[in-house]
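Student:
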Amino acid sequence: DVKVTQSSRYLVKRTGEKVFLECVQDMDHENMFWYRQDPGLGLRLIYFSYDVKMKEKGDIPEGYSVSREKKERFSLILESASTNQTSMYLCASRPQGLSYEQYFGPGTRLTVT
Amino acid sequence: AQSVTQPDIHITVSEGASLELRCNYSYGATPYLFWYVQSPGQGLQLLLKYFSGDTLVQGIKGFEAEFKRSQSSFNLRKPSVHWSDAAEYFCAVVENYGQNFVFGPGTRLSVLP
Chain A
26 DVKVTQSSRY LVKRTGEKVF LECVQDMDHE NMFWYRQDPG LGLRLIYFSY
76 DVKMKEKGDI PEGYSVSREK KERFSLILES ASTNQTSMYL CASRPQGLSY
126 EQYFGPGTRL TVT
Chain B
125 AQSVTQPDIH ITVSEGASLE LRCNYSYGAT PYLFWYVQSP GQGLQLLLKY
175 FSGDTLVQGI KGFEAEFKRS QSSFNLRKPS VHWSDAAEYF CAVVENYGQN
225 FVFGPGTRLS VLP
């Protein structure tokens with residue numbers, strides 16, 4: 026089974042802190058994604074990566090950055106956390122090819138106070 | 125840009141009743157369509173997907189969905205709902221040559237005993 030893990034299920038940070046959310050997948054997938062999930066808005070893509078050290082902006086990249094130094098790991102960074110970044114963050118991965126199916130981690134619920 | 129709408133924010137059904145969750149999309153070409161389910165506190169799990177061919181697709185947990193090009197719809201159905209089906213359901217379409225999903229806002233399903 027594909028497994029996507031996220032470093033924390035719940036996280037509480039203060040405004041202005043630098044926050045790292047880690048995601049690891051164990052299936053050698055080329056593509057990895059970060060989404061945020063908010064009620065009534067569904068999932069919105071923040072960033073994705075299709076290879077090591079490669080990244081592309083999604084729909085809502087402002088206030089976020091990412092890092093992919095190894096194929097299995099994709100990190101989301103909040104340089105200076107703000108209260109409007111309180112949300113559920115979901116990581117996903119998928120292989121190259123035509124299946125398109127994305128495999129999701131359990132999510133990290135981040136609260137910024 | 126593609127978009128996905130799920131007209132029902134919240135649906136409540138009795139256990140054993142039939143279920144239909146609506147999904148409409150906007151996309152010029154033949155879309156790749158997905159339904160995901162998110163149980164409380166969990167990540168997203170794929171229920172089923174449509175790429176081409178038979179417009180009625182079967183998924184896991186007894187779910188099925190029908191692609192209707194004339195109506196730009198991909199509605200999810202289940203003949204008899206179980207209490208464990210209570211969850212949030214997301215419809216999604218692939219855009220950008222398979223790089224990105226576009227998700228609908230989700231429909232929350234409650235099941236009465």
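Chains as they are written, first to last, in this note's numbering: chain A, 26 to 138; chain B, 125 to 237.
No residue lacks a Cβ here, since even glycine has one placed at the ideal position from N, Cα and C.
Does DSSP classify residue 34(A) as helix, strand or coil?
Tutor: coil
Student: Is it the case that the Cβ atoms of residue 60(A) and residue 46(A) are separated by a distance below 8 Å?
Tutor: The answer is no: Cβ separation not under 8 Å.
Student: Given a cut-off of 8 Å on the beta-carbon distance, is the pair residue 31(A) and residue 97(A) in contact?
Tutor: Against a cut-off of 8 Å, the Cβ pair of residue 97(A) and residue 31(A) comes out as no contact.
Student: Would you please verify whether the beta carbon of residue 50(A) is less than 8 Å from any beta carbon of chain B?
Tutor: no
Student: Considering only residues of the same chain and omitting the five flanking positions on each side of residue 134(B), which have a CB-CB separation below 6 Å?
Tutor: 232
Student: Against chain B, which members of the stretch 72-103 of chain A pass a CB distance test of less than 9 Å?
Tutor: 73, 75, 81, 83 and 84
Student: Is residue 173(B) close to chain A? Criterion is C-beta to C-beta, closer than 8 Å.
Tutor: yes
Student: Taking the C-alpha atoms as reference points, what is the distance between residue 63(A) and residue 229(B)?
Tutor: Distance between the alpha carbons of residue 63(A) and residue 229(B) is about 9 Å.
Student: Check the C-beta distance from residue 40(A) over to residue 107(A) and give it rounded, since I have them as a contact under 8 Å.
Tutor: 6 Å
Student: With 8 Å as the threshold, decide whether the Cβ of residue 229(B) is near any Cβ in chain A.
Tutor: Answer yes: the Cβ-Cβ gap between residue 229(B) and chain A drops below 8 Å somewhere.
Student: Between residue 199(B) and chain A, is any beta-carbon pair separated by less than 8 Å?
Tutor: Chain A has no Cβ within less than 8 Å of the Cβ of residue 199(B).
Student: Taking the DSSP output, what are the residues bridged to residue 215(B)?
Tutor: 159(B)
Student: Considering Cα atoms alone, identify which of 236(B), 130(B) and 219(B) is closest to residue 65(A).
Tutor: Nearest in C-alpha terms to residue 65(A), of all of 236(B), 130(B) and 219(B), is 130(B).
Student: So residue 136(B) and residue 197(B) are supposed to be a Cβ contact under 8 Å. How far apart are they, rounded?
Tutor: 22 Å between Cβ atoms; not a contact.
Student: Please compile the residues from chain B whose C-beta is within a distance smaller than 9 Å of the C-beta of residue 65(A).
Tutor: 133, 229 and 230
Student: Report buried or exposed for residue 67(A), applying the criterion of at least 16 other Cβ atoms within 10 angstroms of its Cβ.
Tutor: Counting Cβ neighbours within 10 Å, residue 67(A) comes out buried, since at least 16 surround it.
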